[in-house]
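The structure under discussion appears below in the form of structure tokens.
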Amino acid sequence: MTGVQTCALPILINISASKFVNNTSVEAAAFYINNTTNFIFKNSTVSDSKTSYGFQIDNAENITLDNATITDNKAGGFVLDDTSKKIIIKNSTISANKNSSGAIIKNSAALVEITKSNFSSNEADKGAALYLANNQNEIIISDSEFAHNKALKKGGALYIKAKSNTSRVILKGKTLFESNNAKEEKGGGAIYFIAAGKFSGSKYTIKPTKEVDTDLKTRATLIVDTDIASFTNNTTGDAVIDPDEPTKPAKGNIGNSIYVKLVTSTGIIWQDIVEFRKSSLTKTEDKEVAGD
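In case it helps, the working numbering puts the sequence shown at residues 138 to 429.
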């Protein structure tokens, strides 16, 4: 069955209690929607898409995925490439999607909120669970789990490319990153964060206090704003977890959990664009967080 295509409808589109299974299309196997005011996908499933990612939404002002299941799609879960104002993903499962990320959000100025969702066993070149490219607003991830995702290159779970100094990625609540892997040695087993542009400063630091450095407000920033976040058994390259000390970073590689890179006109430099607030992660070894 060819996927449903819906275009140029400036209205509310609400898909509820529905299943899109075993669809085939060149792009967006289940459905493609362009130019609508509000899109809601609730209590519904997209699975087993054969030749393309599950679905794509372009240019919707507000997008909500609520109790959505996006699983076993052979070329990725879904793509949001738009001018949205707000994207909400909550109580959802994005799992076992192959060849492209479980979720791709790009070219967006939207506020993105991900809450109580599970991203697991996805596989892709970059950002196996979630690929965020050229985003310009806050991306807030709360009480969610990223586990057993695998990237052939960078970002075992998350690949984040910030477009401007208005970009923020904030981890809150009980957000877990467990047993994710990126094949490249400096690939960021859990998170690969890259910021390209003009930024001030020349130093990379980890801040264990509750205070917000005012300088950070002028830069693309990755913030861990919780004391119950967990990074466990994330690896890069062929790094191996010591079974006798499973809570320690894997030996032999850099950036097993988080890898940060800043690109400027003068090359790549260290930068204080990562902040740990109230977080026990500050007690881990330095090689758990690395930059180039």
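Backbone N, C-alpha and C define an ideal beta-carbon position, used for all residues, glycine too.
Nothing here was measured: the structure is a model prediction, and the numbers come from that model.
If you compare the alpha carbons of A319, L149, N151 and Y296 with that of L289, the shortest gap goes to A319. In this structure, the beta-carbon distance from F330 to I278 does not fall below 7 Å. A Cβ-Cβ distance of about 12 Å is found for the pair N234 and G264, leaving them out of contact under the 8 Å criterion. T363 has its alpha-carbon roughly 29 Å from the corresponding atom of F178.
In the DSSP assignment, V183 falls within the beta strand (DSSP E) that extends over T182 to S184. Annotation: K156 to I150 spans about 16 Å, alpha carbon to alpha carbon.
In the DSSP annotation of this structure, the continuous segment of the beta strand (DSSP E) that includes E198 starts and ends at F192 to D203. Contact annotation: T182 and A197 have beta-carbon atoms that are not nearer than 7 Å. For K179, the enclosing beta strand (DSSP E) starts and ends at F168 to K179. In this structure S316 touches N370 by the C-beta definition: roughly 5 Å separates them, less than 8 Å.
For the stretch 243 to 320, there is no continuous alpha helix (DSSP H) assignment of 4+ residues that stays within its boundaries. For G191 and I365, the gap between their C-alpha atoms comes out near 33 Å. The Cβ neighbour count for K187, taken over all protein chains shown within 10 Å, is under 16; the residue is labelled exposed. DSSP places K211 within a strand segment (E or B) once states are collapsed to three.
Beta-bridge partners assigned by DSSP to K398: I331.
In the structure shown, N234 adopts coil according to DSSP, grouped into three states.
DSSP, reduced to helix, strand and coil, places K156 within a strand of the structure shown.
With contacts defined by Cβ atoms closer than 7 Å, L217 and I242 form a contacting pair.
Nearest to E282 by alpha-carbon distance, out of V306, D209 and S367, is S367. Just measuring C-alpha positions, the residue of I152, T161, T373 and F314 sitting nearest F256 is F314. In the displayed model, S367 falls within a strand according to three-state DSSP.
If you check the CB distance, S254 and S229 come in under 7 Å. Nearest neighbour of N199 by Cα position, chosen from S237, K211 and N175, turns out to be N175. In this structure, DSSP gives N393 a state outside helix and strand, which the three-state scheme calls coil. Sequence-distant Cβ neighbours of D280 in its own chain, meaning closer than 7 Å and more than five residues away, are T252, K253, G310, K311 and T312. Rounded to whole angstroms, the gap between the alpha carbons of I360 and V163 is 38 Å.
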